[in-house]
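Asks:
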Amino acid sequence: MNKLLNVSGSPHVHSDDTVQKIMWSVVVALIPAFVVSVFYFGLPVIILTAVSVGCCVLFEYLIQRFMLKQTPTVSDGSAVVTGMLLAFNVPANLPIWMMVVGAIVAIGIAKMPFGGLGHNPFNPALVARVFLLIAFPVAMTTWPVPTPIWSFGADVVTGPTPLGILKEGANVEMPTYMNMLIGQMGGSFGEVSAIALLIGAIFLLWKRIITWHIPVAFILTVFVVAGIFWLVDPTQYANPFFHLLTGGLILGACFMATDMVTSPTSPVGMLIFGCGCGLLTIIIRLFGAYPEGVSFSILLMNALVPLINRWFVPKTFAK
Amino acid sequence: MSKIKILTKGFFKENPSLILVLGMCPTLAVTTSVNNALGMGAATTFVLLMSNIIISLLKNVIPDKVRIPCFIVIIATFVSMVDLIIQGFVPALSESLGVFIPLIVVNCIVLGRAEAFASKNTVFDSILDGLGMGIGFTISLVLIAAVREVLGAGSFMGWQFIPADYNILIFVLAPGAFLVLGFIMALVRHCVNRVEEKRKSKMCATK
Amino acid sequence: MTAKKESLLRLVVVLTAIALVAGLALTGVYALTKDPIETAQAAKKQEALNKVLPGFKGEIRDITVQDNDGEDILVHLAVNPDGSLFGAGVETYTKKAFAGRFDLMVGFDMTGTILNTEVIKAGETPGLGDKINKDKSDFALQFSNRNPQDFKLIVKKDGGDVDAITAATISSRAYCDAVQRAYDVFMKVKEDYHE
Chain P
31 MNKLLNVSGS
41 PHVHSDDTVQ
51 KIMWSVVVAL
61 IPAFVVSVFY
71 FGLPVIILTA
81 VSVGCCVLFE
91 YLIQRFMLKQ
101 TPTVSDGSAV
111 VTGMLLAFNV
121 PANLPIWMMV
131 VGAIVAIGIA
141 KMPFGGLGHN
151 PFNPALVARV
161 FLLIAFPVAM
171 TTWPVPTPIW
181 SFGADVVTGP
191 TPLGILKEGA
201 NVEMPTYMNM
211 LIGQMGGSFG
221 EVSAIALLIG
231 AIFLLWKRII
241 TWHIPVAFIL
251 TVFVVAGIFW
261 LVDPTQYANP
271 FFHLLTGGLI
281 LGACFMATDM
291 VTSPTSPVGM
301 LIFGCGCGLL
311 TIIIRLFGAY
321 PEGVSFSILL
331 MNALVPLINR
341 WFVPKTFAK
Chain R
189 MSKIKILTKG
199 FFKENPSLIL
209 VLGMCPTLAV
219 TTSVNNALGM
229 GAATTFVLLM
239 SNIIISLLKN
249 VIPDKVRIPC
259 FIVIIATFVS
269 MVDLIIQGFV
279 PALSESLGVF
289 IPLIVVNCIV
299 LGRAEAFASK
309 NTVFDSILDG
319 LGMGIGFTIS
329 LVLIAAVREV
339 LGAGSFMGWQ
349 FIPADYNILI
359 FVLAPGAFLV
369 LGFIMALVRH
379 CVNRVEEKRK
389 SKMCATK
Chain Z
465 MTAKKESLLR
475 LVVVLTAIAL
485 VAGLALTGVY
495 ALTKDPIETA
505 QAAKKQEALN
515 KVLPGFKGEI
525 RDITVQDNDG
535 EDILVHLAVN
545 PDGSLFGAGV
555 ETYTKKAFAG
565 RFDLMVGFDM
575 TGTILNTEVI
585 KAGETPGLGD
595 KINKDKSDFA
605 LQFSNRNPQD
615 FKLIVKKDGG
625 DVDAITAATI
635 SSRAYCDAVQ
645 RAYDVFMKVK
655 EDYHE
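Protein chains in written order, with the numbering used here: chain P, 31 to 349; chain R, 189 to 395; chain Z, 465 to 659.
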C-alpha cells in the first residue's frame with residue numbers, strides 16, 4: 031500500500047528508499063544505545079521497550095483495521111520506531127501500564143487522528159512523552175541510578191538527573207564527564223549514553239537517512255548559547271559541555287528532531303528548525319520550571335514547520 | 189419549527205459548545221469535576237433563561253441602535269445576582285468556580301441567543317430556546333467533566349473509586365481539557381451526522 | 465431633524481430605564497444576600513482560625529503588621545480573658561510557589577511553637593503541589609507542634625528539617641517560606657505586645 035516516501039515539495043527525486051527501509055535503519059541505529067541501557071538498567075529496559083513497541087504496533091493495527099476500516103500498514107515499521115523512541119524517553123522503573131498509556135497516546139492521539147504516517151504534525155513519541163510527563167509527574171521524574179549489570183540483585187536506588195541537580199540544587203555529587211559520555215548517569219534510559227547515540231547517528235548519516243543540518247544546528251545552538259551564559263557568570267550557569275552531554279539533547283537532536291514527517295524539507299529550513307529547537311531547549315533549561323526542555327522545544331518547533339516550509343521552499347531543478 | 193424542536197435543538201444538533209463552539213472559556217476551565225460542571229451549567233442556564241425572557245419581552249421597546257448595551261446590562265444584572273446568591277448560599281461552589289461565574293457575562297452563548305433568538309421571537313419560544321441551550325451547555329460540560337474527573341482524579345461527583353496512584357493527572361490540567369473537548373466534539377459530530385444521514389435516506393425512501 | 469432628536473432621546477431614555485431597573489433589582493438582591501455572604505466568609509475564617517488555634521475559645525483581635533518585605537500581614541491575636549496573649553493566627557503568604565503565590569494561616573502559641581498550619585488559598589498543580597493540602601498528603605502535618613527554633617524551616621535537600629513532597633520541591637520550599645514569614649511576623653508582634 032502506502033510504501034512511498036512522503037515528499038512535500040519538488041524535486042521528486044526517485045530513490046529506492048522505502049518507508050520500511052528507512053524505519054528499519056533507524057531501529058538499527060538505536061541498538062547501541064539500547065545495549066548500553068540494558069547494561070546499566072537491566073531487564074526493565076527490555077520489558078519496557080518490548081511493551082512500548084508491541085502496544086504501538088497493536089494499537090495502530092487495531093485502529094486501522096476496525097475504526098478506520100483501512101488495510102493496516104503496520105509493516106512499514108513506523109510504529110516500531112515510535113515505540114522504541116517513546117520507550118527510550120522514560121525512566122527505566124516506569125510502571126508497565128503507564129507505558130501502555132503512552133503507546134495509546136502516541137498512536138491514538140498524536141498519529142492516527144491526523145491521518146497516520148506522513149500527516150501527523152507532531153512527533154508521536156514526543157507527544158506521548160510529554161503527555162506522560164504531565165500525567166505522571168512523579169513516576170516520570172523518579173530516575174533509577176544506573177548500576178552495571180554484574181551488580182545484579184542490588185536494590186534499585188533512585189537519584190536525580192544531572193539537570194535536575196542543577197535546577198533543584200540538591201546536595202548530590204555530579205557525575206563525571208566521562209560517565210556522562212558513556213551513560214552512567216540518571217535519566218530516561220535511552221538518552222544517557224552520548225557515545226552510543228552518536229554511533230547510531232553516524233550510521234544514519236552514512237545511510238543518508240538524516241542530513242547533518244538539524245542535529246548540528248540544534249547542538250551547536252545549545253552549545254553557543256550555554257557558552258555565552260557560562261562566560262558571563264560561570265558560578266550561576268553550567269559549562270556548555272555539561273549541557274551537551276546531559277538530558278535528552280543528543281537523542282532529541284539526532285533521532286527526534288530529524289523525523290522526516292515533522293521537520294522542514296529544505297536545508298535552510300532545517301537549519302532554522304534546529305536553531306529554534308536549540309534556543310528553546312536552553313531557555314527552558316536555564317529559566318523554565320522544568321529541568322529539561324528538549325521534548326517541549328522540538329514539539330514547539332514542529333508546530334512551526336508548515337510556516338518554515340512556506341518561507342523556504344526547496345529549489346526546483348528548473349531554476 | 190415545532191415547539192419541541194426549539195427546546196431540543198440545543199441538546200445535540202445545535203449544542204452551543206460542541207457544535208457552535210461558543211463559551212469555550214468555561215467549557216475548558218471549570219470541567220475538572222462533574223459537580224463544578226453541574227454548578228456552572230445551572231448558573232448559565234438560569235442566566236440564559238432570564239435574559240431570554242426579559243429581552244424577548246422588551247424586544248419592541250429596545251431601539252436597534254443600543255440593543256447590544258441593553259442586552260449586556262440585562263445579562264450582567266442576572267450574572268451579578270447569580271454570583272451574589274451563590275456566594276451567600278453555596279460558598280463552596282463559589283470558591284471552586286471562582287471568577288468563572290462573573291465571566292458568564294461575556295459568555296457568547298448568552299449574548300448570542302439574545303441577539304439571534306430572543307430579540308426576534310415570542311416569550312414562550314425564547315423560554316424554550318434558553319432552556320434548551322442551557323441544558324445543551326450543561327450536557328456538554330458534564331460529558332467533558334465526567335471523562336476528565338474519572339480519568340484524572342479517579343472519582344465521579346466526588347466519589348473516589350480509582351486509587352490516586354492510577355490517576356492520569358493531565359486530564360484535570362489544562363491540556364487534558366483540550367484533548368477531551370476535541371475527542372468529545374468529534375464523537376458528537378459523528379453521531380449527529382449519522383442521525384442526519386439516516387433521516388435523509390428515510391425521507392428519500394418515503395418520497 | 466425632530467425625528468432624529470426623538471430617536472436619540474428614546475435611546476437615552478430606554479437605556480437609562482433599563483440600567484435603572486437593573487440597578488434597583490441588583491440592590492434588592494444585594495440586600496438579601498449581604499448577611500449570608502458575610503456569615504459565610506466569617507464562618508470560613510473562623511473555621512481556619514479554629515484549626516490553627518485548637519482549643520482557644522477567647523476573644524480574637526485583628527491587627528495588621530508589615531513583614532520584612534513591606535507587605536501587610538493580617539494577624540489574629542488570640543487574647544485570653546485576663547488580657548494576656550494565648551497566641552495568634554497569622555495570615556501569611558509566599559510568592560515562591562509554583563503557581564506564583566499561595567496563602568496560609570499559621571497558628572502559634574506564646575513560645576513560638578507552630579500549633580497548626582492551614583491552606584487558605586492555593587492554586588498549586590493537582591497531584592503534585594496540591595499535596596500541601598492536608599486531605600491530599602501528610603506533608604503539612606509535620607509542621608504541627610514544632611518550634612522553628614529547633615526545627616529548621618528548610619527542606620532536607622537544602623539542609624533543613626522539612627521532608628519535601630516528592631517531585632514538588634518548589635511547592636515544599638514555598639510552604640516553608642510562608643511559615644517562616646509567619647514566624648518572623650509573630651515574633652515581632654509578640655515583642656510589641658509585651659511593650
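By construction, the Cβ of each residue, glycine as well, lies at the ideal position given by its N, Cα and C atoms.
With DSSP collapsed to three states, give me the class of His149 of chain P.
Replies: Position 119 of the first sequence, counted from the start, is the residue given in the question as residue 149 of chain P. Looking at His149 of chain P - three-state DSSP - the assignment turns out to be coil, as it is neither helix nor strand.
Asks: With three or more C-beta pairs closer than 8 Å as the rule, is the segment 291–303 of chain R touching the segment 234–244 of chain R?
Replies: Contact between the segment 234–244 of chain R and the segment 291–303 of chain R is present, because at least three Cβ pairs lie under 8 Å.
Asks: Flag Thr425 of chain Z as yes if its beta-carbon sits less than 7 Å from any beta-carbon of chain P, otherwise no.
Replies: The structure shown does not extend to residue 425 of chain Z, since chain Z is modelled only from 465 to 659, so the question has no answer here.
Asks: How would you call Asn153 of chain P, buried or exposed, if buried means at least 16 neighbouring beta carbons within 10 angstroms?
Replies: By one-based count along the first sequence, residue 153 of chain P stands at place 123. Label assigned to Asn153 of chain P: buried.
Asks: Is the Cβ of Leu592 of chain Z closer than 7 Å to any Cβ of chain P?
Replies: For this step, residue 592 of chain Z is matched to residue 128 along the third sequence. Closer than 7 Å to some Cβ of chain P, the Cβ of Leu592 of chain Z qualifies, so yes.
Asks: Please list the residues of the segment 150–178 of chain P that have a C-beta atom closer than 8 Å to any C-beta atom in chain Z, keeping them in chain order.
Replies: Result list: Pro167, Val168, Thr171, Thr172.
Asks: How long is the line joining the alpha carbons of Ile263 of chain R and Asp602 of chain Z, rounded to whole angstroms?
Replies: Position 75 of the second sequence, counted from the first residue, corresponds to residue 263 of chain R. Position 138 of the third sequence, counted from the first residue, corresponds to residue 602 of chain Z. When rounded, the distance between both Cα atoms is 45 Å.
Asks: Please name the residues in the segment 487–499 of chain Z whose beta-carbon is closer than 7 Å to at least one beta-carbon of chain R, in chain order.
Replies: Within the segment 487–499 of chain Z, the residues whose Cβ lies closer than 7 Å to some Cβ of chain R are Ala489, Leu490, Val493, Tyr494, Thr497, listed in chain order.
Asks: Is there contact here, the segment 546–556 of chain Z with the segment 568–579 of chain Z, by at least three beta-carbon pairs under 8 Å?
Replies: The segment 546–556 of chain Z vs the segment 568–579 of chain Z: in contact.
Asks: Over what stretch of residues does the alpha helix (DSSP H) that includes Val83 of chain P continue unbroken?
Replies: On the first sequence, position 53 is the one that residue 83 of chain P refers to. Its alpha helix (DSSP H) spans residues 73–92.
Asks: Answer yes if the segment 247–255 of chain P comes into contact with the segment 223–234 of chain P, meaning at least three C-beta pairs across the two stretches below 8 Å, and no otherwise.
Replies: They do not touch, by the three-pair rule.
Asks: Does the structure place the segment 325–340 of chain R close enough to the segment 208–225 of chain R that three or more beta carbon pairs sit under 8 Å?
Replies: Yes, the segment 208–225 of chain R is in contact with the segment 325–340 of chain R.
Asks: Closest to Val175 of chain P by C-alpha separation, out of P:Phe317, P:Gly145, P:Asn209, P:Ile280, would be which residue?
Replies: The residue given as residue 175 of chain P occupies position 145 in the first sequence. The option with the nearest alpha carbon to Val175 of chain P is P:Asn209.
Asks: Which residue comes first and which comes last in the alpha helix (DSSP H) that contains Ile527 of chain Z?
Replies: Locating residue 527 of chain Z in the third sequence gives position 63, where the first residue counts as 1. Segment 523–530 is the beta strand (DSSP E) holding Ile527 of chain Z; no alpha helix (DSSP H) there.
Asks: 7 Å is my cut-off, CB to CB: does Val516 of chain Z come that close to chain R?
Replies: Sequence index remark: in the third sequence, residue 516 of chain Z carries index 52 (1-based). No, its Cβ sits nowhere closer than 7 Å to a Cβ of chain R.
Asks: For Val338 of chain R, which residues of its own chain have a beta-carbon under 7 Å away from its beta-carbon, when the five flanking residues on both sides are left out?
Replies: As a working note, residue 338 of chain R is residue 150 in the second sequence. Cβ neighbours of Val338 of chain R beyond the five flanking positions: Phe344.
Asks: With 16 other CB atoms within 10 Å as the buried threshold, where does Tyr647 of chain Z fall?
Replies: As a position in the third sequence, residue 647 of chain Z is number 183, starting the count at 1. The residue in question, Tyr647 of chain Z, is buried, as its Cβ has 16 or more Cβ neighbours within 10 Å.
Asks: Nearest-angstrom Cα distance between Leu196 of chain P and Tyr639 of chain Z?
Replies: Here residue 196 of chain P is taken as the residue at index 166 of the first sequence, counted from 1. Here residue 639 of chain Z is taken as the residue at index 175 of the third sequence, counted from 1. For Leu196 of chain P and Tyr639 of chain Z, the distance between alpha carbons rounds to 21 Å.
Asks: In whole angstroms, what is the alpha-carbon distance linking Cys86 of chain P and Asn309 of chain R?
Replies: As a position in the first sequence, residue 86 of chain P is number 56, starting the count at 1. As a position in the second sequence, residue 309 of chain R is number 121, starting the count at 1. One C-alpha to the other measures close to 54 Å.
Asks: For the beta strand (DSSP E) containing Val570 of chain Z, list its first residue and its last residue.
Replies: Taking the first residue of the third sequence as position 1, residue 570 of chain Z is located at position 106. Element bounds for Val570 of chain Z: 564–573.
Asks: So the beta strand (DSSP E) Thr251 of chain P belongs to, where does it begin and stop?
Replies: Here residue 251 of chain P refers to the residue found at position 221 when the first sequence is read from its first residue. First-last for Thr251 of chain P: 243–262, but that is the alpha helix (DSSP H), not the beta strand (DSSP E).
Asks: Looking at the strands, I want to know which residues DSSP matches up with Ile174 of chain P.
Replies: Residue numbering aside, residue 174 of chain P sits at position 144 when the first sequence is read from its first letter. The identity of residue 174 of chain P in the sequence shown is Pro, whereas the question assumes Ile. Per DSSP, P:Thr188.
Asks: What would DSSP say about Phe550 of chain Z, mapped onto helix, strand or coil?
Replies: Your numbering for residue 550 of chain Z matches position 86 in the third sequence. Reduced to three states, the DSSP call for Phe550 of chain Z is strand.
Asks: Measure from the C-beta of Leu357 of chain R to each C-beta in chain Z and report whether the shortest distance is under 7 Å.
Replies: Residue numbering aside, residue 357 of chain R sits at position 169 when the second sequence is read from its first letter. So yes, Leu357 of chain R belongs to the interface.
Asks: Measure the C-alpha to C-alpha separation of Ile289 of chain R and Thr196 of chain R and round it to an integer number of angstroms.
Replies: Taking the first residue of the second sequence as position 1, residue 289 of chain R is located at position 101. Taking the first residue of the second sequence as position 1, residue 196 of chain R is located at position 8. Roughly 25 Å separates the two Cα atoms.
Asks: Are Pro251 of chain R and Leu475 of chain Z touching if we call contact CB-CB under 7 Å?
Replies: Counting from 1 along the second sequence, the entry for residue 251 of chain R is found at position 63. Counting from 1 along the third sequence, the entry for residue 475 of chain Z is found at position 11. Contact: yes.
Asks: When the Cα atoms are used, what is the spatial distance from Gln50 of chain P to Met114 of chain P?
Replies: Within the first sequence, residue 50 of chain P is the residue found at index 20, counting from 1. Within the first sequence, residue 114 of chain P is the residue found at index 84, counting from 1. Rounded to the nearest angstrom, the two C-alpha atoms are 15 Å apart.
Asks: Whose C-alpha, out of Z:Thr577, Z:Lys616, Z:Ala561, is nearest the C-alpha of Ile596 of chain Z?
Replies: As a first step, residue 596 of chain Z must be located in the third sequence, where it is residue number 132. Comparing Cα positions, the closest option is Z:Ala561.
Asks: How long is the line joining the alpha carbons of Leu274 of chain P and Val56 of chain P, rounded to whole angstroms?
Replies: One-based indexing of the first sequence puts residue 274 of chain P at position 244. One-based indexing of the first sequence puts residue 56 of chain P at position 26. Each residue's alpha carbon lies about 22 Å from the other.
Asks: Is Val653 of chain Z closer than 7 Å to Val529 of chain Z when the C-beta atoms are compared?
Replies: Counting from one through the third sequence, the residue named residue 529 of chain Z turns up at place 65. Counting from one through the third sequence, the residue named residue 653 of chain Z turns up at place 189. Taking 7 Å as the Cβ cut-off, Val529 of chain Z and Val653 of chain Z qualify as a contacting pair.
Asks: Report yes or no: do three or more beta-carbon pairs, one from the segment 258–273 of chain R and one from the segment 479–487 of chain Z, lie closer than 8 Å?
Replies: Output reads yes: the segment 479–487 of chain Z touches the segment 258–273 of chain R.
Asks: Please name the residue, chosen from P:Gly194, P:Ser223, P:Ile258, P:Gly299, that lies closest to His243 of chain P on a Cα-to-Cα basis.
Replies: Working through the first sequence from its first residue, we reach residue 243 of chain P at position 213. Selected option, being the one with the closest Cα: P:Gly299.
Asks: Could you check whether the segment 298–317 of chain P touches the segment 160–177 of chain P, counting it as contact only if at least three pairs of C-beta atoms, one from each stretch, sit closer than 8 Å?
Replies: They do not touch, by the three-pair rule.
Asks: Does Ala133 of chain P come out as helix, strand or coil in the three-state DSSP assignment?
Replies: Working through the first sequence from its first residue, we reach residue 133 of chain P at position 103. Reduced to three states, the DSSP call for Ala133 of chain P is helix.
Asks: Would Thr265 of chain P pass as a contact of Ala631 of chain Z if the rule is Cβ separation under 7 Å?
Replies: Residue mapping note: residue 265 of chain P aligns to position 235 of the first sequence, counting from 1. Residue mapping note: residue 631 of chain Z aligns to position 167 of the third sequence, counting from 1. Against a cut-off of 7 Å, the Cβ pair of Ala631 of chain Z and Thr265 of chain P comes out as no contact.
Asks: Spatial neighbours of Asp271 of chain R within its chain, please: C-beta separation below 7 Å, excluding the five flanking residues on both sides.
Replies: Here the question's residue 271 of chain R lines up with position 83 in the second sequence. Cβ within range, chain order: Ile289, Pro290.
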